[in-house]
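Numbering (this note's numbering), first residue to last: 308 to 610.
Here's the structure we're looking at; comments come further down.
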């Protein structure tokens with residue numbers, strides 16, 4: 308299995324350094340990634356999350372809420388959508404057979420419509436809670452305008468599943484190889500999940516979605532997060548206790564099995580540049596200089 312790391316349109320939140328920890332100043336906007344995976348498998352191409360899509364780029368005000376457009380100011384570059392980055396790698400949208408979603412927030416599911424033939428896999432609780440549109444914030448973050456492929460969704464309930472490194476209810480999405488697993492990590496949303504991918508060397512990569520936002524939250528000695536991202540996580544959480552418990556469980560996973568499992572999240576630019584080997588703003592397949600590391604400590608030590 309070959310794994311490609313895609314940044315499917317950066318978001319640029321207010322607060323600068325207070326958000327991403329590396330942008331100079333606080334009166335400018337920071338830069339966060341939208342870290343998606345493209346997997347080459349024997350069953351065809353698989354996307355883990357889609358980021359923002361072509362229709363979001365073309366019609367942002369019709370598809371996204373004004374609240375999040377103002378707060379996050381996405382960097383609207385069509386070449387950074389998953390569909391365009393696939394083309395850079397020599398593929399077409401119809402080559403994507405499956406999409407596995409960590410959750411349905413607009414910045415993770417915006418590209419679903421770009422892959423109308425793909426089967427979409429997610430937890431049942433995520434689909435049901437998002438579709439309920441129960442609160443004002445739910446209506447801003449979960450955007451039915453992006454769900455044109457709902458007939459292709461395949462959902463998985465809480466019952467059943469297997470145990471994986473201490474996490475229960477883990478599911479192998481139907482039609483996918485056993486090297487791809489859906490790992491429940493509720494808290495940020497009620498049906499939030501991580502996606503575990505076993506690499507050819509036998510080690511695992513866990514894309515933890517929005518279970519955490521900053522690489523130093525996984526520090527084993529002194530977990531830390533930027534003030535802006537702490538506030539954003541508190542704003543967006545659906546179950547605070549579950550979110551914090553799962554962050555603690557992820558740190559324990561790194562402590563006990565860091566030699567077997569590598570963690571990445573959905574929005575940390577330092578992690579993205581470390582695992583992808585290229586700068587945040589460079590699409591996959593384009594000629595570019597490799598990223599310079601920026602002091603990331605992948606084994607869990609502080610940067």
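All C-beta atoms in this analysis are idealised placements derived from N, C-alpha and C, irrespective of residue type, glycine included.
On a predicted model such as this, the values are computed, not experimentally measured, just so you know.
Legend entry - Any alpha helix (DSSP H) of 4 or more consecutive residues that is wholly inside the stretch 358-436: Taking only runs of at least 4 residues, the alpha helix (DSSP H) segments lying wholly in the stretch 358-436 are 361-365, 367-370, 373-379, 389-395 and 413-416.
Legend entry - Sequence-distant residues of the same chain with beta carbon closer than 6 Å to residue 491, five excluded per side: Locating residue 491 in the chain shown gives position 184, counting from the first residue. Once the five neighbours on either side are set aside, the close Cβ partners of residue 491 are 476 and 500.
Inset, instruction - Output yes or no for whether 8 Å exceeds the beta carbon distance between residue 486 and residue 504. - result: Stepping through the chain shown from its first residue, residue 486 is reached at position 179. Stepping through the chain shown from its first residue, residue 504 is reached at position 197. A contact, by the Cβ cut-off of 8 Å.
Legend entry - At least three beta-carbon pairs within less than 8 Å, the stretch 453-472 to the stretch 409-428: yes
Legend entry - Beta carbon of residue 574 nearer than 8 Å to that of residue 343: Taking the first residue of the chain shown as 1, we reach residue 574 at position 267. Taking the first residue of the chain shown as 1, we reach residue 343 at position 36. Contact flag unset, no.
Inset, instruction - Pull up the distance between the alpha-carbon of residue 581 and that of residue 315, whole angstroms please. - result: Taking the chain shown and counting its residues from 1, the one referred to as residue 581 is at position 274. Taking the chain shown and counting its residues from 1, the one referred to as residue 315 is at position 8. Whole-angstrom Cα-Cα distance: 16 Å.
Inset, instruction - Using alpha carbons as the reference points, say which of 507, 521 and 451 lies closest to residue 578. - result: In the chain shown, the residue the question calls residue 578 occupies position 271. Closest option to residue 578, Cα to Cα, is 521.
Legend entry - Among 469, 435, 480 and 396, nearest to residue 355 - alpha-carbon criterion: Numbered from 1 along the chain shown, position 48 holds the residue referred to as residue 355. Of 469, 435, 480 and 396, the residue nearest in Cα terms is 480.
Legend entry - Coil, strand or helix - residue 458 by DSSP: Sequence index remark: in the chain shown, residue 458 carries index 151 (1-based). If DSSP states are grouped into helix, strand and coil, residue 458 belongs with the helices.
Legend entry - Enclosing beta strand (DSSP E) for residue 549 [first to last residue]: For the purposes of this step, residue 549 is taken as the residue at position 242 of the chain shown. Not the beta strand (DSSP E): residue 549 falls in the alpha helix (DSSP H), residues 547-564.
Inset, instruction - Rounded to whole angstroms, what's the CA-CA distance from residue 512 to residue 412? Just pull it up for me. - result: On the chain shown, residue 512 is found 205 positions in, with the first residue counted as 1. On the chain shown, residue 412 is found 105 positions in, with the first residue counted as 1. About 22 Å.
Inset, instruction - Inspect the beta-carbon positions of residue 564 and residue 472 and report whether they are closer than 8 Å. - result: Residue numbering aside, residue 564 sits at position 257 when the chain shown is read from its first letter. Residue numbering aside, residue 472 sits at position 165 when the chain shown is read from its first letter. It is a contact, given that the beta carbons lie within the stated cut-off.
Legend entry - Which listed residue (378, 380, 400 and 379) has its alpha carbon closest to that of residue 388: The sequence position of residue 388 within the chain shown is 81, counting from 1. The residue with the shortest Cα to Cα distance from residue 388 is 400.
Inset, instruction - For the beta strand (DSSP E) holding residue 471, just list the boundary residues, first then last. - result: Along the chain shown, read from residue 1 onward, the residue named residue 471 stands at position 164. Element bounds for residue 471: 469-471.
Legend entry - Per DSSP, cross-strand counterpart(s) of residue 511: Translated into positions along the chain shown, residue 511 becomes position 204. DSSP output for residue 511 lists 505 and 568 as bridge partner(s).
Inset, instruction - Taking 8 Å as the cut-off, decide whether the C-beta atoms of residue 404 and residue 351 are in contact. - result: Counting from 1 along the chain shown, the entry for residue 404 is found at position 97. Counting from 1 along the chain shown, the entry for residue 351 is found at position 44. Yes.
Inset, instruction - Classify residue 344 as helix, strand or coil using the three-state DSSP reduction. - result: Working through the chain shown from its first residue, we reach residue 344 at position 37. Residue 344: strand per DSSP, three-state reduction.
Inset, instruction - Determine the DSSP secondary structure at residue 315, reduced to helix, strand or coil. - result: Here the question's residue 315 lines up with position 8 in the chain shown. Correct three-state label for residue 315: coil.
Legend entry - Three-state class that DSSP yields for residue 604 in the structure shown: As a working note, residue 604 is residue 297 in the chain shown. Residue placement at residue 604 cannot be trusted, given a pLDDT of 46 that sits under 50; what the coordinates show is reported in the next sentence. It is coil, neither helix nor strand.
Legend entry - Sub-8 Å separation of residue 353 and residue 489 beta-carbons: Taking the first residue of the chain shown as 1, we reach residue 353 at position 46. Taking the first residue of the chain shown as 1, we reach residue 489 at position 182. Going by C-beta atoms, residue 353 is not nearer than 8 Å to residue 489.
Inset, instruction - Can you tell me which of 569, 437 and 409 puts its alpha carbon nearest to the alpha carbon of residue 427? - result: For the purposes of this step, residue 427 is taken as the residue at position 120 of the chain shown. With distances taken between Cα atoms, residue 427 lies closest to 409.
Inset, instruction - Inspect the beta-carbon positions of residue 358 and residue 417 and report whether they are closer than 8 Å. - result: For the purposes of this step, residue 358 is taken as the residue at position 51 of the chain shown. For the purposes of this step, residue 417 is taken as the residue at position 110 of the chain shown. Yes, these two residues count as a Cβ contact at 8 Å.
Legend entry - Reduced DSSP category for residue 333 - H, G, I as helix; E, B as strand; rest coil: One-based indexing of the chain shown puts residue 333 at position 26. The answer is coil: DSSP assigns residue 333 none of H, G, I, E or B.
Legend entry - Closest Cα partner of residue 360 within the set 384, 587 and 377: Numbered from its first residue, the chain shown carries residue 360 at position 53. For the residues 384, 587 and 377, the minimum Cα distance to residue 360 belongs to 384.
Legend entry - Backbone CA spacing between residue 449 and residue 518 [nearest angstrom]: Within the chain shown, numbered from 1, the residue matching residue 449 stands at position 142. Within the chain shown, numbered from 1, the residue matching residue 518 stands at position 211. Using only the alpha carbons, I get a separation of about 17 Å.
Inset, instruction - Can you say whether residue 370 is buried or exposed, counting buried as having 16 or more other CB atoms within 10 angstroms of its CB? - result: Counting from one through the chain shown, the residue named residue 370 turns up at place 63. It is buried - the Cβ of residue 370 has at least 16 other Cβ atoms within 10 Å.
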